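Since the structure comes first, as structure tokens, the remarks are kept for the end.
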């Protein structure tokens, strides 16, 4: 019994480690020992950082979604490595993992998704795009991540414009055809 209590006390102690970030041949390396005279201690923040997105689809909304997606690049690369020759089911599971990563980091996801059904569509499209891009570029540079974020933002805005019509004042309600577009609900054989 004494050993059990001692073991419980030892297990409840938190472990603190000093982590150093070093750059070697252009790659970031994390080490427990300083890697040079100019080594700096790195403070790790274990708290999941969340963003809040606006109700209205705008450039800030697109930028926030794409910035979150860029942070999931490492996750997409890892899932691609393990599922390179994967089945469709495994690919869908990997994309859903990225989708969940982004969704979990949007503080007001549920509220915005109820008012704006486009949110789910855009997060799914961004997740799939990131997964496909991470497959082609597993170790991106900062410039490549910036290009992805910019291109992703433009794609989200263009998709929103197609969904809601070109003019913001003239946007139709979700599920209705934007001005100048035919609704598929009125075509024979569609539901």
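Residue numbers (our numbering): 1227 to 1417.
Think of the CB as a built atom: it goes at the ideal place given N, C-alpha and C, for glycine as much as any other residue.
None of the values given here were measured: they were computed from a predicted structure.
Taking every protein chain shown into account, the CB of residue 1253 has fewer than 16 other CB atoms within 10 angstroms, so this residue is exposed.
By the Cβ-count criterion, residue 1352 is buried, with 16 or more other Cβ atoms from all chains shown falling within 10 Å of its own Cβ. For residue 1249, the uninterrupted beta strand (DSSP E) run begins and ends at 1245-1250, by DSSP. Comparing alpha carbon positions, the residue from 1367, 1366 and 1295 closest to residue 1322 is 1295. The three-state reading of DSSP puts residue 1332 in strand, counting E and B together. When the beta-carbon positions are compared, residue 1357 and residue 1324 come within less than 9 Å of each other.
In the DSSP assignment, no residue is bridged to residue 1371. The alpha-carbon of residue 1377 is positioned some 36 Å away from that of residue 1261. Judged by DSSP secondary structure, residue 1279 falls outside any alpha helix (DSSP H); it is assigned neither H nor E. In the DSSP secondary-structure assignment, residue 1257 is bridged to 1246. Take residue 1292, set aside five residues on each side of it, and the residues of its chain with a beta-carbon closer than 6 Å to its own are 1375, 1378 and 1379, in chain order.
Following the DSSP letters along the chain, one finds residue 1352 inside the alpha helix (DSSP H) bounded by residues 1344-1362. Using a Cβ distance threshold of 9 Å, residue 1278 and residue 1365 do not count as a contacting pair. Just measuring C-alpha positions, the residue of 1259, 1246 and 1344 sitting nearest residue 1386 is 1344. When DSSP states are grouped into helix, strand and coil, residue 1290 belongs to the helix group. Of 1287, 1327, 1346 and 1299, the smallest CA-CA separation from residue 1370 is found for 1299.
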